[in-house]
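What follows is a single structure, written as structure tokens, with notes after it.
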Amino acid sequence: MSTQSPPNTPWSLAGKTAIVTGGSRGIGQAIAIQLARKGPTKLAITYAANTEAAEATLQVCRGLGVEEAVAIQADALDSKFGPKVLFQVLERLGTKVVDILVNNAALADGSKALPIKDTTVDNFLQIMQANVFAPISLTTALLRHLPAYGGRIILSTVRVEGRF
């Protein structure tokens with residue numbers, strides 16, 4: 022069984038550069054690995070704290086044929102998340118163009134998902150920063166680095182955990 026699409030098959034990502042935020046575990050890891058099966062040349066994932074999980078994901082992606090794969094530690098609670106991540110991606114992958122962005126990172130600290138009656142303004146703002154503003158920040162920073170040719174893919178996912 023082939024793990025990678027040949028460059029001339031439909032849905033091949035040969036020659037493309039992709040970013041997956043929150044790519045070290047869970048859905049983000051699965052997305053990064055599935056993208057790797059489609060053959061992008063360059064792949065960057067972000068992770069919050071687990072360096073070992075990020076490196077393990079990159080190993081799998083490299084094994085599937087990704088030529089350059091990097092992990093970038095980034096905090097979605099940082100108001101400069103987007104520009105900081107994009108700068109590192111462009112620098113470390115040596116590119117000026119990003120073809121695919123998957124905004125998957127979210128506030129992973131389950132203790133922040135308080136019942137609505139216990140939610141404070143500070144708590145709400147942290148959740149909004151990580152789950153709304155960080156993806157918007159990265160997407161807007163990326164806009165001028167999208168390819169002028171062909172398709173562009175921007176996907177945003179959000180994990181919602183609620184107790185009302």
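Here our numbering is used: position 4 in the sequence shown is 25, and no number is missing along the way.
We put the CB at the ideal spot given by N, CA and C, even for glycine.
Start and end residues, alpha helix (DSSP H) containing residue i
i, result
"W146", "According to the sequence as given, residue 146 is Leu; it is not Trp. Segment V142 to M149, the alpha helix (DSSP H) holding L146."
"V81", "T72 to G84"
"A9", "The chain is shown from 22 up to 185; residue 9 falls before or after that span and cannot be answered."
Residues near residue i in its chain [Cβ-Cβ closer than 8 Å; skip 5 each side]
i, result
"A151", "A97, L98, A126, A127 and L128"
"N144", "K133 and L135"
"I148", "L128, K133 and A134"
Beta-carbon proximity check, residue i vs residue j, cutoff 8 Å
i, j, result
"V106", "V41", "no"
"D120", "I66", "no"
"K37", "T116", "no"
"E89", "L111", "no"
"A74", "S45", "yes"
"A51", "C82", "no"
"F102", "L159", "yes"
"G60", "A39", "no"
Residues near residue i in its chain [Cβ-Cβ closer than 6 Å; skip 5 each side]
i, result
"P104", "A162"
"N71", "S45"
"G47", "none"
"A155", "A97 and F102"
Where the beta strand (DSSP E) containing residue i begins and where it ends
i, result
"K191", "Nothing can be reported for residue 191, as the shown portion of the chain is limited to 22 through 185."
"V123", "I121 to N124"
"A127", "That residue, A127, is in no beta strand (DSSP E); it is neither H nor E in DSSP."
"V41", "T38 to V41"
"I54", "Careful: I54 lies outside any beta strand (DSSP E), inside the alpha helix (DSSP H) at G47 to R58."
"E89", "E89 to Q94"
"K63", "K63 to Y68"
"I174", "I174 to S177"
Classification of residue i by the beta-carbon crowding that lies within 10 angstroms, buried from 16 upward
i, result
"Y68", "buried"
"L146", "exposed"
"T78", "buried"
"A57", "buried"
"I157", "exposed"
"L85", "buried"
"V87", "buried"
"A169", "exposed"
Cβ neighbours of residue i in the same chain (closer than 7 Å, five flanking residues each side left out)
i, result
"V5", "This structure leaves residue 5 out entirely; the chain is present only between 22 and 185."
"R165", "none"
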